[in-house]
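Participant: Using the numbering used here, you'd call the opening residue of the sequence shown number 303 and step up by one each time. The structure that follows is given in the form of structure tokens.
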Amino acid sequence: MVNKSKKTLQIQKTYEALFALEDIREIFRQSLPVGFDEKQKEQFSSTIARIKGIISDLENGEGKPACNRVGKLDPRTREEEFINIHPIQAAGRLTPEARKAIISYGDGYSTCDYCRKPFRLDKITRPPIEEFHQDLAKFLNMDQARVVPGARRGFQAVTQSLVEKGDSVIVSSLAHYTEFLAVEVAGGVVREVPLNERNVVTADATAQKIEDVKSETGRLPKLIMIDHFDYQFANEHDVYGIGKVAKDYGIPFLYNGAYTVGVMPVDGGKIGADFIVGSGHKSMASVAPSGVLATTDEWAPKLFRTTQMVGDLTGRKFGVKEVENMGCTLMGATLLSMIASFPRIKERTANWEEEVKKSNYFLNQFLRIQGSKVLSEWPRRHTLSKVDTTGSFDVVAKTHKRRGFFFSDELKDRGIIGEFAGATRTWKLNTYGQSWEQIKYTAASFLDIASKYKLRIN
Ligand SMILES: *Cc1c(COP(=O)(O)O)cnc(C)c1O
């Protein structure tokens, strides 16, 4: 068991101090333009005194617990208090740089201070947003990139540009719901590629599905949209082979990198992708909703087409505004968090093999608990995995008075959180970002819970 009380208090004190500093910041804002009046001077010195007290409590791990509620909002301290194995949260956890950026750029349209002609987000040079767009494209080995409010909006921009009513779009049998919706909103029809016996989408199966669609509808699909790693098993699908199939048929290929862009190297050229979509809040340590949509110079004019609309009374036109992006996309701290995290994102993709090693280490230990299974492909090539504990922890849950919640309780007692509370049959976890020390601790905790409940450990 972890002795948490002192640490918990210190975390509270940290938030209390951060919030108090915001109060100081507010005094500056209120005192414009002439500086503090008497009341503000008083507020300033009493707040400073309060902060000194908090800092001293923080240092010593003493003092009154602070509730730190903001209106109806409790502070979120999961990432400070626990190892978080939540399947979709692990790689979207912010870097300290991103957290600083949101403090600094939290105000509404904060990206727009120096917006000049042609008045478009991706052209702003201060802060260096234009440069970031170029860096993003280069990072993915594509020609052009835009930031989008989530991977889903990237899919949508592509489908709405390419797909017309009744057109078929090839997706995986493990496609994410947002891919379905993106096809639906454009009036298209999804056509799913079946999985092979290992739950993998192959190039052959994709080619076969294209042939099926062609013979059924008399037309080729308009788009192929495949996840490199799917959200259910995080199995690796043959995107390189599928890229070739797409070329052979002359069908554009959207590579869904929601679980790859930002954690592992992604090379659009090598894949043969016409579009690459990534998720900022899932895999790029960024504030939600954020993501990236990259394409080639060939597709850019269609995807990033500019407005042609003319007002019938005023004759107004809005020239360079891109239709699919509704002109501008991420106008504040969301984008700044992406930019602030980006240097680390580039660095961390080089450590992907190590992340995969840790994932396999953890699961090898997990598999020692008799009756436990890994449902994802094995060995793992990703940090997200689907496991089956029907034969182990669920056996305990059957007779435990807390049912499946016993397992969450035990994990939480050991400082681990993020598994789907109450689930002891099939569930997912993500080890991304844990140090070796943490991963060993997590594995040992699972074994410890197993032995506490007399499950056999091999
Ligand atoms: C999470 C996920 C998405 C959606 O990403 P957002 O950035 O939240 O829109 C799409 N596809 C896959 C495979 C995902 O795992």
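For every residue, glycine included, the Cβ atom is placed at its ideal position computed from N, Cα and C.
By how many angstroms is the C-alpha of L731 removed from the C-alpha of L686?
Facilitator: Here residue 686 corresponds to residue number 384 of the sequence shown, with the count starting at 1. Here residue 731 corresponds to residue number 429 of the sequence shown, with the count starting at 1. L686 and L731: Cα-Cα distance of roughly 6 Å.
Participant: Can you pull the DSSP bridge partners for W729?
Facilitator: Along the sequence shown, one-based indexing puts residue 729 at 427. Answer by DSSP bridge pairing, in chain order: V689.
Participant: Restricting to runs no shorter than 4 residues, where is the alpha helix (DSSP H) found entirely within the segment 375-455?
Facilitator: Complete alpha helix (DSSP H) runs here, min 4: 380-383, 398-407, 431-441.
Participant: Determine the closest residue to A635 out of V449, Q510, K714, with distance taken between C-alpha atoms.
Facilitator: Within the sequence shown, residue 635 is the residue found at index 333, counting from 1. Of V449, Q510, K714, the residue nearest in Cα terms is V449.
Participant: Considering just the uninterrupted stretch of the beta strand (DSSP E) at I526, what are its terminal residues?
Facilitator: Your numbering for residue 526 matches position 224 in the sequence shown. Counting along the chain, the beta strand (DSSP E) containing I526 begins and ends at 525-529.
Participant: Does the beta carbon of E679 fall short of 7 Å from some heavy atom of ligand 1?
Facilitator: Sequence index remark: in the sequence shown, residue 679 carries index 377 (1-based). No, ligand 1 has no heavy atom inside 7 Å of this Cβ.
Participant: For A403, I'd like the list of residues in its chain whose CB is within less than 6 Å of its CB, leaving aside the five on either flank, ordered along the chain.
Facilitator: Reading the sequence shown from its first residue, position 101 is the one you call residue 403. The answer, listed in chain order, is L638, S639, A642.
Participant: Quick one: what's got a C-beta closer than 7 Å to K700's C-beta in the same chain, skipping five residues either side?
Facilitator: Against the sequence shown, residue 700 aligns to sequence position 398. The answer is none, since no qualifying residue turns up.
Participant: DSSP on S358, reduced to helix/strand/coil?
Facilitator: For this step, residue 358 is matched to residue 56 along the sequence shown. Here S358 sits in helix by DSSP.
Participant: Look up K675 in the DSSP assignment and say whether it is helix, strand or coil.
Facilitator: Within the sequence shown, residue 675 is the residue found at index 373, counting from 1. K675 falls in the strand class under three-state DSSP.
Participant: What did DSSP end up calling R493 once you bin it into helix, strand or coil?
Facilitator: Within the sequence shown, residue 493 is the residue found at index 191, counting from 1. Strand at R493.
Participant: Flag this pair as touching only if the segment 552-562 and the segment 521-539 have three or more C-beta atom pairs under 8 Å; answer yes or no.
Facilitator: Touching, yes, given that three or more Cβ pairs across the two stretches are closer than 8 Å.
Participant: Entirely within the segment 715-759 and at least 4 residues each: give me those alpha helix (DSSP H) ranges in chain order.
Facilitator: Correct list: 738-754.
Participant: Report the rounded CA-to-CA distance for V689 versus T728, giving the unit in angstroms.
Facilitator: Sequence index remark: in the sequence shown, residue 689 carries index 387 (1-based). Sequence index remark: in the sequence shown, residue 728 carries index 426 (1-based). Cα to Cα, V689 sits roughly 6 Å from T728.
Participant: Just to confirm, are T608 and F577 a CB contact at a threshold of 8 Å?
Facilitator: The residue you call residue 608 lines up with position 306 of the sequence shown. The residue you call residue 577 lines up with position 275 of the sequence shown. In this structure, F577 does not lie closer than 8 Å to T608 by Cβ.
Participant: Sort L713, G452, A507 by Cα distance to T589 and report the nearest one.
Facilitator: Locating residue 589 in the sequence shown gives position 287, where the first residue counts as 1. Inspection of the sequence shows that residue 589 is occupied by Val rather than by Thr. Minimum Cα distance to V589 is reached at G452.
Participant: From what residue to what residue does the alpha helix (DSSP H) around A323 run?
Facilitator: Here residue 323 is taken as the residue at index 21 of the sequence shown, counted from 1. According to the sequence as given, residue 323 is Leu; it is not Ala. Note, L323: alpha helix (DSSP H), 307-332.
Participant: Using a 10 Å radius around the Cβ and a threshold of 16 neighbouring Cβ atoms, would you call A351 buried or exposed?
Facilitator: By one-based count along the sequence shown, residue 351 stands at place 49. A351 is exposed by the Cβ-count criterion.
Participant: Can you determine whether any heavy atom of ligand 1 sits closer than 7 Å to the C-beta of D540, and answer yes or no?
Facilitator: Start at 1 with the first residue of the sequence shown, and residue 540 comes out as number 238. No, ligand 1 has no heavy atom inside 7 Å of this Cβ.
Participant: Give the DSSP-derived three-state secondary structure of E538 in the structure shown.
Facilitator: Taking the first residue of the sequence shown as 1, we reach residue 538 at position 236. DSSP places E538 in strand when its eight states are reduced to three.
Participant: Check for me: the alpha helix (DSSP H) holding A505 runs from which residue to which?
Facilitator: In the sequence shown, residue 505 corresponds to position 203, counting from 1. First-last of the alpha helix (DSSP H) with A505: 505-519.
Participant: Is the beta carbon of H388 within less than 7 Å of some heavy atom of ligand 1?
Facilitator: On the sequence shown, position 86 is the one that residue 388 refers to. Because no heavy atom of ligand 1 lies under 7 Å away, the Cβ of H388 does not count as near it: no.
Participant: Do you know how far the Cα of S333 is from the Cα of G580?
Facilitator: Taking the first residue of the sequence shown as position 1, residue 580 is located at position 278. Taking the first residue of the sequence shown as position 1, residue 333 is located at position 31. Distance between the alpha carbons of G580 and S333: 43 Å.
Participant: Would you decide whether A746 is buried or exposed? Buried here means 16 or more other CB atoms lie within 10 Å of its CB.
Facilitator: Numbered from its first residue, the sequence shown carries residue 746 at position 444. So A746 ends up on the exposed side.
Participant: When you compare the CB positions of D569 and D445, do they come within less than 8 Å of one another, or not?
Facilitator: Residue numbering aside, residue 569 sits at position 267 when the sequence shown is read from its first letter. Residue numbering aside, residue 445 sits at position 143 when the sequence shown is read from its first letter. No, the Cβ-Cβ distance between D569 and D445 is not below 8 Å.
Participant: Could you compute how far the alpha carbon of R371 sits from the alpha carbon of K742?
Facilitator: For this step, residue 371 is matched to residue 69 along the sequence shown. For this step, residue 742 is matched to residue 440 along the sequence shown. Roughly 34 Å between the two C-alpha positions.
Participant: Pairing CB atoms from the segment 385-399 with CB atoms from the segment 343-362, are three or more of them under 8 Å?
Facilitator: With the cut-off at 8 Å, the segment 385-399 and the segment 343-362 do not touch.
Participant: Mapping DSSP to helix, strand and coil, what is L595?
Facilitator: Residue mapping note: residue 595 aligns to position 293 of the sequence shown, counting from 1. Here L595 sits in strand by DSSP.
Participant: In or out: R422 buried (at least 16 other Cβ within 10 Å) or exposed?
Facilitator: Working through the sequence shown from its first residue, we reach residue 422 at position 120. Looking at its Cβ environment, which holds 16 or more other Cβ atoms inside 10 Å, R422 is buried.
Participant: Using CA coordinates, which residue listed in K467, V502, G564, I751 is at the minimum distance from Q672?
Facilitator: Indexing the sequence shown from 1 puts residue 672 at position 370. That would be I751, whose Cα lies nearest to the Cα of Q672.
Participant: Could you pull out every residue in the same chain whose Cβ sits closer than 8 Å to the Cβ of V487, ignoring the five residues on either side in sequence?
Facilitator: Translated into the one-based positions of the sequence shown, residue 487 becomes position 185. Cβ within range, chain order: Q458, T461, Q462.
Participant: May I have the straight-line CA-CA distance separating S406 from P554, to the nearest angstrom?
Facilitator: The count along the sequence shown starts at 1 and reaches residue 406 at position 104. The count along the sequence shown starts at 1 and reaches residue 554 at position 252. Taking the straight line joining both Cα atoms gives about 40 Å.
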